[in-house]
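Q: When the count follows the numbering used here, it moves up by one through the sequence shown with no breaks and lands on 335 for the last residue.
Backbone N, C-alpha and C fix where the C-beta goes; we use that ideal spot for every residue, glycine too.
Please read these numbers as outputs of a predicted model, since none were measured by experiment.
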Amino acid sequence: MNFTQTLRGALIAAGLVTALMSGSIATAADAYPTRPISLIVPFAAGGPTDVLARVLAASMTKNLGQTVVVENRLGAGGTVAAGVVAKAAPDGYTFLIHHNGMATAPTLYRKLPFDVLTDFSYVTLLADVPMTLLGSKKFPPNTMVEFIKYAKENGDKINLANAGLGAVSQLCGTLLQQALGTGFTSIPYSGTGPAMTALLGGQLDVLCDQTTQTLPQIKADKVKLYGVTTAERLASLPDAPTLRESGLKDFEIVVWHGIYGPKGIPPAILARFNEAVKAALKDPAVTQKIEELGAVIVPESKQNPAALQAWLTAEIAKWGPLLKAANQYAD
Ligand code: ASP
Numbered sequence: 005m006n007f008t009q010t011l012r013g014a015l016i017a018a019g020l021v022t023a024l025m026s027g028s029i030a031t032a033a034d035a036y037p038t039r040p041i042s043l044i045v046p047f048a049a050g051g052p053t054d055v056l057a058r059v060l061a062a063s064m065t066k067n068l069g070q071t072v073v074v075e076n077r078l079g080a081g082g083t084v085a086a087g088v089v090a091k092a093a094p095d096g097y098t099f100l101i102h103h104n105g106m107a108t109a110p111t112l113y114r115k116l117p118f119d120v121l122t123d124f125s126y127v128t129l130l131a132d133v134p135m136t137l138l139g140s141k142k143f144p145p146n147t148m149v150e151f152i153k154y155a156k157e158n159g160d161k162i163n164l165a166n167a168g169l170g171a172v173s174q175l176c177g178t179l180l181q182q183a184l185g186t187g188f189t190s191i192p193y194s195g196t197g198p199a200m201t202a203l204l205g206g207q208l209d210v211l212c213d214q215t216t217q218t219l220p221q222i223k224a225d226k227v228k229l230y231g232v233t234t235a236e237r238l239a240s241l242p243d244a245p246t247l248r249e250s251g252l253k254d255f256e257i258v259v260w261h262g263i264y265g266p267k268g269i270p271p272a273i274l275a276r277f278n279e280a281v282k283a284a285l286k287d288p289a290v291t292q293k294i295e296e297l298g299a300v301i302v303p304e305s306k307q308n309p310a311a312l313q314a315w316l317t318a319e320i321a322k323w324g325p326l327l328k329a330a331n332q333y334a335d
């Protein structure tokens, strides 16, 4: 065999190996998923993030032909769960659903073991959710005006729930205290599922949380509704004033949710998972439930990785200075 023949043989063999390899990669992506997928929720079961995850997971399970299992990994305002996902194998079998906490964590935690902007695969934005400020039925104020007066007079005698540093309930409490110039007693919970149980039982005075969890309790008249955290009043709760119109200058929190995976998921697998999320966001069983809970699914133009990354970047810039001013940190 001369040199040219040897070289040709080597090239053919290399080509075959490449073809086989790309064939096997294509087959792996085509076959995906072949086993259950974990969708990790950073807060306790029964809370707003958990409710959204379970509605989506049920629909995605039908689309993917494999069970999407919701797992609750609690702690440190969502950063424990985010850390678990950042370190998971990037094989398309572990994902995280999270909210604004992903954007506030870099300011709140001095030693975060991951970088929110570079250590993840970004799947999509999901839905925006307003928050409501609620009191227990046993808590004296009946209206927002009464709440403000009572809060200014009683300050730290009032128990307010938070789901950890980085939770939106904590963020709402921080902004409330800044706006009212008063300090509440902040009670930590592993999520606002258990906080709502305490509010209903009268062990907790005040909870500021997503409508995904609070709307059913408001409609059932089991809590006192003071106001909403959006810039405009909500069509579903037209009588509830915004905190802004009640004198809390510039107050606005809208909770947004996104899905992340560990960095390095093969593009074809990420695209297949994204397709399943998008299909779920169009599934009438999901859209009806989400609408009932006061959440708004993001437009299709935002149901992609680039939109999530851009939004996360903007939110870090938005909340950073406000949180630095509040001087709350975890080491
Ligand atoms: N609503 C929660 C928060 O305060 C978390 C949850 O339980 O979903 O961030």
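Can we say the segment 41-54 touches the segment 194-210, given the rule of at least three CB pairs closer than 8 Å?
A: They touch, by the three-pair rule.
Q: Helix, strand or coil: which one does DSSP assign to S173?
A: Residue mapping note: residue 173 aligns to position 169 of the sequence shown, counting from 1. The answer is helix: DSSP assigns S173 an H, G or I state.
Q: Among the residues of its own chain, which have a CB less than 6 Å from the CB of V73, if the five just before and after it don't count?
A: Residue numbering aside, residue 73 sits at position 69 when the sequence shown is read from its first letter. Within the same chain, V73 has close Cβ partners P40, S42.
Q: Quick test of your reading: T36 and T147, contact by CB under 8 Å. State the CB separation rounded to the nearest angstrom.
A: Working through the sequence shown from its first residue, we reach residue 36 at position 32. Working through the sequence shown from its first residue, we reach residue 147 at position 143. Thr is not the amino acid found at residue 36; the sequence shown has Tyr there. 53 Å between Cβ atoms; not a contact.
Q: In the segment 215-285, which residue ranges form an unbroken beta strand (DSSP E) of at least 3 residues, counting only runs that do not cross its ends?
A: Counting only runs of 3 or more, we get 228-232, 258-266.
Q: Can you give me the Cβ contacts of T234 inside the same chain, cut-off strictly under 7 Å, excluding the 5 residues immediately before and after it?
A: The residue given as residue 234 occupies position 230 in the sequence shown. Closer than 7 Å at Cβ, skipping near neighbours: P134, T246, E256, V258.
Q: V343: buried (16+ other C-beta within 10 angstroms of its C-beta) or exposed?
A: As shown, the chain starts at 5 and ends at 335. That puts residue 343 outside it, with no answer to give.
Q: Confirm the yes/no value for this check: CB of A155, any heavy atom of the ligand ASP, distance under 7 Å.
A: For the purposes of this step, residue 155 is taken as the residue at position 151 of the sequence shown. Not under cutoff, so the answer is no.
Q: My output table needs one value for S336: the three-state DSSP class, helix, strand or coil.
A: The chain is shown from 5 up to 335; residue 336 falls before or after that span and cannot be answered.
Q: Are there three or more Cβ pairs, one per stretch, closer than 8 Å when the segment 161-174 is compared with the segment 77-97?
A: A contact exists between the segment 161-174 and the segment 77-97.
Q: The ligand ASP and P134: does the residue's C-beta get closer than 7 Å to at least one heavy atom of that ligand?
A: Along the sequence shown, one-based indexing puts residue 134 at 130. No; taking the cut-off as 7 Å, the Cβ of P134 has no heavy atom of the ligand ASP nearer than that.
Q: Hey, out of K142, K153, T65, whose CA is closest to V210's CA?
A: For the purposes of this step, residue 210 is taken as residue 206 along the sequence shown, with counting starting at 1. The candidate whose alpha carbon is nearest that of V210 is K142.
Q: Kindly confirm or deny that the segment 88-100 and the segment 306-320 touch, where touching means at least three C-beta pairs closer than 8 Å.
A: Short answer: they don't touch.
Q: For a test of the three-state rule: what should DSSP assign to P134, helix, strand or coil?
A: For the purposes of this step, residue 134 is taken as residue 130 along the sequence shown, with counting starting at 1. The answer is strand: DSSP assigns P134 an E or B state.
Q: Do V290 and L130 have their C-beta atoms closer together than 8 Å?
A: By one-based count along the sequence shown, residue 290 stands at place 286. By one-based count along the sequence shown, residue 130 stands at place 126. In this structure, L130 does not lie closer than 8 Å to V290 by Cβ.
Q: For a test of your reading of the model: does the CB of T196 fall under 7 Å from any non-hydrogen atom of the ligand ASP? Yes or no.
A: For the purposes of this step, residue 196 is taken as residue 192 along the sequence shown, with counting starting at 1. Result yes, Cβ under 7 Å from the ligand ASP.
Q: Measuring from the CB of V172, is there a heavy atom of the ligand ASP at a distance below 7 Å?
A: Residue 172 sits at position 168 when you count from the first residue of the sequence shown. Result yes, Cβ under 7 Å from the ligand ASP.
Q: Please classify D4: does DSSP put it in a helix, a strand, or coil?
A: The requested residue 4 does not occur in the structure, where the chain is confined to residues 5 to 335.
Q: Give me the Cα-Cα distance between S240 and A93, rounded to the nearest whole angstrom.
A: By 1-based counting over the sequence shown, the position of residue 240 is 236. By 1-based counting over the sequence shown, the position of residue 93 is 89. Cα-Cα distance, rounded: 42 Å.
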